[in-house]
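Once you know that position 273 of the sequence shown is 288 in my numbering, the rest is easy, because the numbers rise by one and skip nothing.
Backbone N, C-alpha and C define an ideal beta-carbon position, used for all residues, glycine too.
Here the structure is a predicted model, which is why all the values come from computation and not from measurement.
Everything below concerns the one structure shown next.
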Amino acid sequence: METSFFTAVFLPIALAIIMLGMGLSLIPEDFVRVVKYPKAVAVGLGSQLVLLPLIGFVIAKIVPMPNFIATGLVILALCPSGVSSNLITYFAKGDVALSVTLTAFSSAITVVTIPIFANLALQHFIGQTAAIALPIGTTMLQIFVVTLLPIALGMLIKQLFPELARRLEKVSGKIAIAFLFVIITTLIIREWSRLPDFIAQVGIGVVLLNILAMVVGFYFGKVLNLSLPQQICIAIEVGFQNGTLAIAVTAGLLNNPDMAIPAAIYSLFMYITGFAAIHYGRKQADLQLSGDSFVK
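Structure (structure tokens):
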């Protein structure tokens, strides 16, 4: 696909606006929680930045799919948690403070990790002679400009103009959903004739990645004796990938819309498991509340 207004302009601007909205909800203390909750943060980041990419790579190797689809799946697994993970965690009665901390830290760390490991995925699945290349330095700068910089700007606005930040934050979630809808709809329209084949090729991989990510995140926290709200938070953080960023990297930076198909389908499917997480979390909270009332 040749560079177009969609990939060269709209995608980066959409992602930057979404990240700005996330920054409006953050305060410096959110980054200090890594000291306050070191174990929970370590488990969450380990699940997000180590276990998830490994799961993605194994699925891409085991499940039959074209090399460009496999590469897109791995790049999706390399992305940080999505901005909607904080909202889903809130509805699921998870640890929202931990969710915000993990989202903030994973977004910062993946500025470095995505270009490096995405390049390795390209070399592994497509080969050294592939026409596609991911310049690490340039990519790091581009991801910084459309992710960390807007987040920092949003935090600055919150500090200097709190009332303005509150008003903007109310609409930022709706804007994020609208942008994601436009992005996915545009990809579907562009690739409509090949979409059934893409779903057949990547459907199993996407479902496995999402479900395994959430299950592994939940039980990793459980084995390490984290609280139930923390376990729920980590499961959601690991399962809710930043699909917009994955699409921006694949369809935008790499100029290959086929690689963006896993992220587009994943961005829709993850809300199904997200609703399941909300149901589970609220049910457990009600049971705990009933138990406490019975004891009293």
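Beta bridge pairing from DSSP links GLN216 with no other residue.
Contact between ALA55 and GLN245 holds: their C-beta atoms lie close to 5 Å from each other, under 8 Å. Taking C-beta atoms as the reference points, LYS76 and GLY296 fail to come closer than 8 Å. Short of 8 Å from the beta carbon of LYS237, and not among the five residues preceding or following it, lie these beta carbons of its own chain, in chain order: GLN246.
Rounded to whole angstroms, the gap between the alpha carbons of PRO177 and VAL73 is 45 Å. Following the DSSP letters along the chain, one finds LYS173 inside the alpha helix (DSSP H) bounded by residues 164 to 175.
Approximately 13 Å separates the beta-carbon atoms of ILE190 and GLY38; this is outside 8 Å, ruling out the contact. Within the same chain, ILE219 and GLY220 come within 6 Å of VAL78 by CB-CB distance, once the 5 residues on both sides are set aside. Secondary structure at SER40: coil, using DSSP grouped into helix, strand and coil. If you look at ILE141, you'll find it isn't in any alpha helix (DSSP H); DSSP assigns it neither H nor E.
CA-CA distance, PHE140 to ALA266, rounds to 17 Å. Residue environment analysis places SER99 among the buried positions, since at least 16 neighbouring C-beta atoms fall within 10 angstroms of its C-beta. Assigned with DSSP and collapsed to three states, SER100 falls in helix. Close CB contacts of PRO27 within its chain, under the 6 Å cut and outside five residues either way in sequence, are with VAL161 (chain order). Distance from the Cα of PRO68 is smallest, within the candidate group ALA92, ILE172, GLY59 and ILE84, for ALA92. GLU184 places its beta carbon 8 Å or farther from that of GLN63. Cβ contact annotation for LEU239 (same chain, cutoff 8 Å, sequence separation greater than five): LYS54 and VAL58, in chain order.
With respect to LEU30, THR259 sits close: the two C-beta atoms are nearer than 8 Å. When PHE106, THR104 and VAL65 are compared, the shortest CA-CA separation from PRO95 is found for VAL65. Boundaries of the alpha helix (DSSP H) harbouring ASN82: 82 to 93, taken from the DSSP string. In the DSSP assignment, GLN256 is bridged to SER96. In this chain, LEU66 is not harboured by any alpha helix (DSSP H), its DSSP state being neither H nor E. With fewer than 16 neighbouring CB atoms inside 10 Å of its own CB, GLN303 falls in the exposed class. Exclusion of the five residues before and after ILE172 leaves LEU39, LEU179 and ALA180 as the residues of its chain whose Cβ lies within less than 7 Å of its Cβ. SER121 sits away from ASN101, with the two beta carbons spaced by 8 Å or more. Within the same chain, LEU113 come within 7 Å of TYR52 by CB-CB distance, once the 5 residues on both sides are set aside. Counting of Cβ neighbours within 10 angstroms places ALA275 among the buried residues, the total reaching 16 or more.
Bounds of the alpha helix (DSSP H) holding ALA55 are 53 to 61. Take LEU135, set aside five residues on each side of it, and no residue of its chain has a beta-carbon closer than 7 Å to its own. When only Cα atoms are considered, HIS294 and ASN225 end up about 17 Å apart.
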